[in-house]
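Taken in order, these protein sequences are the chains called A and B.
Going by our numbering, the first residue of the first sequence is number 856, and it counts up by one from there.
Going by our numbering, the first residue of the second sequence is number 2, and it counts up by one from there.
Beta carbons are placed, not taken as given, at the ideal position from N, Cα and C, and that holds for glycine.
Below you'll find the structure, written out as structure tokens, and then a few comments.
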Amino acid sequence: MSTTIPGREAPAPPSVATTARARPSRLARALPRTRRQRQMFWWGLFFTSPAIIGLVFFTGGPVIVSAVNSFTDANLLGGSRNWVGLENYSRLLQDDQWWLSLFNTFFLTVISVPLGIAVALGLALLLNWRVRGIGVYRVIFYLPSIVPIVASAVVWAYVLNPQYGVLNNVLGLVGIEGPGWLSDPAWSKPALILFGLWGMGNLMVILLAGLQGVPQDLLEQASLDGAGVWQRFRNVTVPFISPHLLFALITGLIAGFQYFTPAFVLTGGSGDPAGSTLVSGVYLYQSAFYNYELGYSSAIGWVLFVLIAIISIVAYRLVGRRVYYGGAS
Amino acid sequence: MPLPPPTRPTGPNIARRTLLAALAMGGTALGASGCEVIADGAVAPEQAELRLHKEPAPGRENTIELFNIWGGRTGNAWVRLAEVYEESQDHTAVRVTYAPLSGGVQIRLQTSIAAGTPPDLAFCTPDEYPQLAGYGVIHALDDYTTAAGISAEQFPEPVWEQMTVTDSIYSIPVLVDVNFPMFWNKKVFAEAGLDPEVPPATIDELDRLSDQILVKDGASATRVGTVPWDYYGYSNSMYTCGFAFGGSFMSDDNEVATPDDPHNIEALTWMCDYAQRIGGASHLAISSPTQTLPSIASGNIGMAVMTTAAAQDVSLNGDPELVELGSALFPYAEGLGQPGSATWLGGYNLFIPEDSENHDMAWDFLQFATMSDEGTMTNWETSTLVPGYTPSPALTELEQDPELAIYHEALFTCRNIRPTIPASGVYTTSLDVNVGAAIYGQLSPADALKKVADQVNTAMDDFRKENS
């Protein structure tokens, strides 16, 4: 309960207008206010305009066109296009090849994303050691990720060759008869997963950066308190790199559902053997470029987009709440 | 405040360094130990001289453009052909633009057609032109062919049949793949105790010879009679074996796809049984000896099918200690087929895109390439390309060639064409997936071919509906 002392009137409450002046909106704060700032703003727009124009015309444009096409019977080579409503989407539900491609995509994503994170984290932990020449080792393990993926895939086609390939010859040295990696439907997807580990360098570098941000004093305190290597890793290191792990998970899921190039290069876009490498991206490509069905392939693309969005949001909601941002809000 | 050191040392550094070095070096050593030197794997010196692109000759009244989809000798053949054409007249120059296939697809051609800026001439497989014609992107050649007096007598029967499946002539064969004669390796036959001069005439004989050729190392088949699902992909394998068993892939009126014809099911059942006899398709442990040579050159396959270019490659570059080829018509199923009944036509046709600018000059080149002595002989001499034009002297040379004469016999005994329909792409991809699934035991032969029938006929119905 407030009281008023005679002769000392309480100050008038600030008006709404006063409050607005005191706390300008976020947009207002972001806009240039001085002449100098406005000049800088326009120059900034000028220099970024090629990228903006490219984004609008070469990304935004196709996105809109493909959304429209997905409701038409458009073919790749032009000609007339007729509105078919949801026919392309309902056709997907009855398309065995689509379901097969979706299964293959899920299989590859579910296995390769956690495996890739585990391998990249393992390498990052090794490369976080302080030893002489560590830079050389980091370069060696990073190198594969800067080799163009098509060139890597061609090399791996030889590595996976059942008769002459390095992999089966190495397995043969220890008495294991290697499978026909890319010719056997049971082994073709594991072969693609194996190939995917080859390019883990980027993720490894991100996790390495995360590991270098783990406070050493906490690790030392834990050690003094009797925590072992596993306990320090589990209770100190992992929480501090959890934002990086979340990033790896989300981007890995997105990349997994967009999987295309390795399967396309290693199998020539056929999905062989027996459709075991027919992932959704390859099926979309087949529909558009083999069968000229631009409308149908656009529908495939949009369904994939929605799936990716849903799965990414769910993963973010489920895993994101467990992420520790080092005390930052 | 200075940042803490990146890590806290917890043991002797040398152990970590050793571990990292061991990982890096060990991986390399392990990889190197698994490597094997493959003789003749490098690009041959003469290949380095090949050209795939050509600028037009200067000072000509007209310039036309041809999209070249091939690399190697065949790609070079089109550059050479364009030069010979330019030497044969003085009004038209030819630009040859290298526009390679990507996963079997002519992306550059498709995008140029969609953009309304196609080349003056392009290639298509003979089974895909009905779809392109249905979309209105190919120029009909009837006026030109009528004026030139082109008729059925100038082409082998199946070639003409394939050219005239639709209401107009839209493309002309520029190279005819006669799919396929069977080549047998006399060395393998001799090693297996078989008469190296006697190939199988029937499927039963092929089975009997295969049983004697088969060698297994544990679960792996290291020498086999043939690989009936590897005749240039599952779909081409299915066509070859289906025709050998007297099967048909389209109804007589070319309106309904019939991959589930009982004879085709019988053929696929035979292919699956064959795979089982060698222990399963996944246990085949035979690869090509080099990047370019076919697997029969490994000396571990008794019989295989090959294109003319591949057969010539084996003859020229194969190891004579491992391979000595004989050739015959592909075997047929007794009571269902007859000699040569397995053969069908593949290859490539030339067509003129509707939106191109210089149809008359494009036709002039097309006629030179496909139906002139000089043009067809140039293709034959530079890359052993077999023309579809009966009067061509190249066919006489083919008939007299000691190693390739079998293609001449196969061409003139051939009665089959691949389904030439607006859904040929769906047919191929569906066969690739479902025949493969049957070979690996995931589907029964009947179910696999039924799925193909459903998918192709649905695609045909959709095409009719959308392009009515």
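Simplified DSSP assignment, three categories, for residue 1 of chain B: Outside the modelled stretch of chain B, which goes from 2 to 469, sits residue 1 of chain B, for which no answer is possible.
Would you say the beta carbon of residue 316 of chain B is closer than 7 Å to some non-hydrogen atom of the ligand MN? By its list of ligands, the structure shown contains no ligand whatsoever, and the ligand MN lies outside what it can speak to.
Can you find a C-beta in chain A that's less than 8 Å from the C-beta of residue 126 of chain B? no
Any beta carbon from chain A within less than 8 Å of residue 261 of chain B's own beta carbon? no
Tell me where the alpha helix (DSSP H) around residue 959 of chain A begins and ends. 951 to 982
Sort B:258, B:161, B:305 by Cα distance to residue 181 of chain B and report the nearest one. B:305
For residue 179 of chain B versus residue 396 of chain B, is the C-beta distance shorter than 8 Å? no
Between the C-alpha atoms of residue 40 of chain B and residue 362 of chain B, what's the straight-line distance to the nearest angstrom? Its pLDDT being 47, under 50, residue 40 of chain B is placed unreliably by the model, and the measurement read from it follows with that caveat. Cα-Cα distance, rounded: 46 Å.
Can you say whether residue 1117 of chain A is buried or exposed, counting buried as having 16 or more other CB atoms within 10 angstroms of its CB? buried
Inter-residue Cα distance where the pair is residue 69 of chain B and residue 886 of chain A: 54 Å
Say whether the segment 425 to 439 of chain B touches the segment 1120 to 1129 of chain A, bearing in mind that this needs 3 or more beta-carbon pairs closer than 8 Å, one atom from each stretch. yes
Find the residues of chain A that neighbour residue 452 of chain B, judging by a C-beta separation of less than 8 Å, and give them in chain order. 951
What does DSSP give as the partner residues of residue 927 of chain A in its beta bridges? A:938
With 16 as the cutoff for other CB atoms within 10 Å, does residue 998 of chain A come out buried or exposed? exposed
Going by DSSP in three states, residue 174 of chain B sits in which element: helix, strand or coil? strand
Taking Cβ-Cβ distances shorter than 9 Å, what residues in chain B pair up with residue 1126 of chain A? 430, 433, 434, 437
Residue 237 of chain B, buried or exposed, once every other Cβ within 10 Å from all chains shown has been counted against 16: buried
N- and C-terminal bounds of the alpha helix (DSSP H) containing residue 440 of chain B: 425 to 440
Tell me which residues share the same chain as residue 873 of chain A and place their Cβ nearer than 7 Å to its Cβ, disregarding the 5 neighbours each side in the sequence. Note that residue 873 of chain A has pLDDT 46, beneath the 50 cutoff, so the model's placement of it is unreliable and the number below is only indicative. For residue 873 of chain A, where only same-chain residues beyond five positions count, there are no Cβ hits under 7 Å.
For residue 226 of chain B, which of B:213, B:234, B:220, B:218 has the nearest alpha-carbon? B:213
When DSSP builds the beta bridges, which residues end up paired with residue 183 of chain B? B:306, B:329
Of all the residues that make up the segment 132 to 144 of chain B, which are near chain A by a beta-carbon distance shorter than 8 Å? 132, 133, 136, 137, 138
Which residue's Cα is closest to the Cα of residue 416 of chain B: B:231, B:160, B:246? B:160
Which residue or residues does DSSP assign as beta-bridge partners of residue 95 of chain B? B:65
Residue 366 of chain B beta carbon less than 8 Å from that of residue 93 of chain B: yes
C-beta atoms of residue 131 of chain B and residue 421 of chain B nearer than 8 Å: yes
Going by other Cβ atoms of all chains shown within 10 Å of its Cβ, with 16 needed for buried, is residue 860 of chain A buried or exposed? In this prediction, residue 860 of chain A has a pLDDT of 45, which is less than 50 and means its spatial position is unreliable; nothing more can be read from the coordinates.
In terms of DSSP beta bridges, what is residue 349 of chain B paired with? B:176
On the three-state DSSP scale, how would you describe residue 128 of chain B? coil
Going residue by residue through the segment 189 to 277 of chain B, where are the continuous beta strand (DSSP E) segments of at least 3 residues, counting only ones entirely within it? 216 to 218, 221 to 224
Apart from the five residues just before and just after residue 197 of chain B, which ones in its own chain have a Cβ nearer than 6 Å to its Cβ? 187, 190, 191
Backbone CA spacing between residue 411 of chain B and residue 300 of chain B [nearest angstrom]: 25 Å
Residues in its own chain within less than 6 Å of residue 404 of chain B by CB, not counting five upstream and five downstream? 316
So, is the C-beta of residue 285 of chain B closer than 8 Å to a C-beta in chain A? yes
Tell me, please, whether the segment 369 to 379 of chain B touches the segment 262 to 281 of chain B by the rule of three or more beta-carbon pairs shorter than 8 Å. no
According to a CB-to-CB cut-off of less than 9 Å, which residues of the segment 100 to 115 of chain B neighbour chain A? 103, 104, 105, 106, 107, 108, 111, 112, 114, 115
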